[in-house]
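Heads up: the sequence shown is residues 184 to 626, going by the working numbering.
Idealized CB from N, CA, C, for every residue including glycine.
From a predicted model like this one, the values you see are computed outputs, not experimental measurements.
Since the structure comes first, as structure tokens, the remarks are kept for the end.
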Amino acid sequence: MIGDTIAAIATPLGTGGISIVRISGDNALDIGQSIFSKPLVKSHQMVLGKVKSRDKIIDEALACYFKAPRSYTGEDVVEIHCHGGIVVTRMVLDAALAAGAVPAKAGEFTRRAFLNGKIDLAQAEAVGDILCATTGDSIRAAVNQLEGALSKKISSLREEILGVSSHLLAMLDFSDEVDELPYDETKAKLSYISDEIEKLLASADDGRIIKDGVNTVIVGAPNVGKSSFLNAVAGEDRAIVTDIEGTTRDVLDVPVNIRGCRINLYDTAGIRKSDDPIEQIGVERSVAAIEKADLILLVLDGSRELKSYDKEIIRLVQGKNVICLINKSDLELKITKPDFDCVINISAKSGMGFDKLFDEIAKRYGKGDLVSEVIITGERHKQALTRANSFISHALSAISANHPIDMILGDLEHSIRALGEIDGMTVTDEIIDNIFANFCVGK
Ligand SMILES: Nc1nc2c(ncn2[C@@H]2O[C@H](COP(=O)(O)OP(=O)(O)OP(=O)(O)O)[C@@H](O)[C@H]2O)c(=O)[nH]1
Ligand SMILES: [Mg+2]
């Protein structure tokens, strides 16, 4: 048992068809039964009855008993599916609390599922990722992780390392008798493991983009139509647009879904030298945003020739990942097109050229085919794999330098521990607390 019997509202608070109050723990059945009119005898069966609080009927509802361990948390669980009004749902929860349950903390149901071995840590994190997912790709990647794709990979790597460790332990026994140990097989195995970890690490960039989106910075000189473009893509007036140069001062962040890719659009201040100290700060922020961008949308005003500012910005983004947008293409074009691999004529006013731009973005960032593979979407996983790999490399150098077997075994042990942080086989309370602190109550 992991402590008290807990209860919380598992659905978002608001007016809807139904809300679910979930109760989990050793006393879940007693508590659930004490507030429900019909017997909850059979596991996994919905029963229609009345929810009561101190013998007063609160609502008509469906209740379901999930007998341990066949429940989300692995404990006895009772779910009450009541009518979805804010007040009635709170009253059902209050009835469960009055009957002896304690309020669940953020993520406590999923945390218990992890502690009871129903899911591992990577799978628990996937639950959080599904809740926050904004695109089909990010949901598919998270479901893949929830189904255990990453966990299986981690566990097979761990098995491989353990295999090498037992082989080395066997060698320890006769290491005094021979001058040189037959390390070839060990080296080959460790190199293979390291390659596999590197393959996983190589997927982390794609994984970050699938989960968190492509950081896309709109840059250009003042008045070229950056904010107009942002508003047109977002489909609402998020940024102020005027014909005065230097309208935008701060960086504005708007996430959009373009052909199933999450794109985090950043509108920035037009870059030019300015005497206005506020505008100058904006310009500095624009330049800083360029440095952190995955993709730069360089906007130029097609209705005029390039000015010195434009040329300076073109130099600034040279060599980076740029799509050049010739805006105001609804007007007569006077611009000499600059030399970029990808130049697209658009009009923020009419929407012309957007299709072509969106196709280009989908071509570059649509990861639909990738999400069926094992990919790393979490920074925490990336760090743990990097550490695991550095211990493997260390072990390989130790072998080459003919260091004692104990040292090599130590490296392998550290590497296994680092991998264990991903699925939770070897994890500190602090890491667990951090992960579940990001969950909401009721999950
Ligand atoms: N004809 C035409 N006008 C446009 C287009 N896009 C923007 N404009 C006009 O250009 C002017 C400047 O637009 P903004 O979107 O504020 O330009 P900006 O690049 O954000 O400017 P700053 O914030 O000052 O750097 C406004 O008067 C817009 O209506 C377009 O595609 N066609
Ligand atoms: Mg602007």
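| Asked | Found |
| --- | --- |
| Option nearest Thr369 by Cα separation, candidates Ile218, His266 and Ile588 | Ile588 |
| Alpha carbon of Pro252 to alpha carbon of Arg391, nearest angstrom | 34 angstroms |
| Assigned exposure category for Gln501 - 16 Cβ within 10 Å defines buried | exposed |
| Counted within 10 angstroms of its Cβ, other Cβ atoms place Gln306 as buried (16 or more) or exposed | buried |
| Residues near Asp594 in its chain [Cβ-Cβ closer than 7 angstroms; skip 5 each side] | Phe574, His577, Ala578 and Ala581 |
| Segment contact, 8 angstroms Cβ cut-off, at least three pairs: the region 473-485 with the region 511-524 | yes |
| Segment contact flag, the region 310-330 with the region 378-394, C-beta cutoff 8 angstroms, min 3 pairs | yes |
| Span separating the alpha-carbon of Lys409 from that of Val434 | 12 angstroms |
| Burial state of Gly346 (16 or more Cβ within 10 Å) | exposed |
| Counted within 10 angstroms of its Cβ, other Cβ atoms place Arg445 as buried (16 or more) or exposed | buried |
| Residue from Arg455, Leu413 and Gly208 with nearest C-alpha to Val466 | Arg455 |
| According to DSSP, residues forming a beta bridge with Leu373 | Beta-bridge pairing links Leu373 to no other residue. |
| Check: Asp491 C-beta below 6 angstroms from any heavy atom of ligand 2 | Checking the sequence, you will find Ser at residue 491 rather than Asp. Checking the Cβ of Ser491 against ligand 2 gives no. |
| heavy atom of ligand 2 below 6 angstroms from Ser410 C-beta | yes |
| Anticipated Cβ contact below 8 angstroms, Thr256 with Asn299, distance rounded | 6 angstroms |
| Assigned secondary structure, Ile192 (DSSP; H/G/I helix, E/B strand, else coil) | strand |
| Contiguous alpha helix (DSSP H) assignments of at least 4 residues, all confined to the region 278-332 | 291-298, 304-315 and 319-329 |
| Among Thr194, Thr293 and Asp238, the one whose alpha carbon lies nearest that of His266 | Thr194 |
| DSSP-derived helix/strand/coil call for Asp459 | coil |
| Cβ shell of Pro438 (< 8 angstroms), same chain only, five flanking positions each side left out | Thr317, Gly396, Arg445, Ile446, Asn447 and Leu448 |
| Three-state class that DSSP yields for Lys164 in the structure shown | Since the first residue shown for the chain is 184 and the last is 626, residue 164 is missing from the structure and cannot be characterised. |
| Thr194: CB within 6 angstroms of a non-hydrogen atom of ligand 2 | no |
| Cα-Cα separation between Ser598 and Lys336, rounded to whole angstroms | 15 angstroms |
| Three-state secondary structure (DSSP) of Ser236 | strand |
| Alpha carbon of Glu291 to alpha carbon of His227, nearest angstrom | 22 angstroms |
| Spatial distance of Ala284 from Cys507 (CA atoms) | 59 angstroms |
| Where Leu481 sits in the DSSP three-state scheme | strand |
| Span of the beta strand (DSSP E), counted from its first residue to its last, around Leu508 | Val505 to Asn510 |
| Cα-Cα separation between Ala601 and Lys532, rounded to whole angstroms | 53 angstroms |
| Residues bridged to Ala403 (per DSSP) | Checking the sequence shown, residue 403 turns out to be Gly, not Ala. Val482. |
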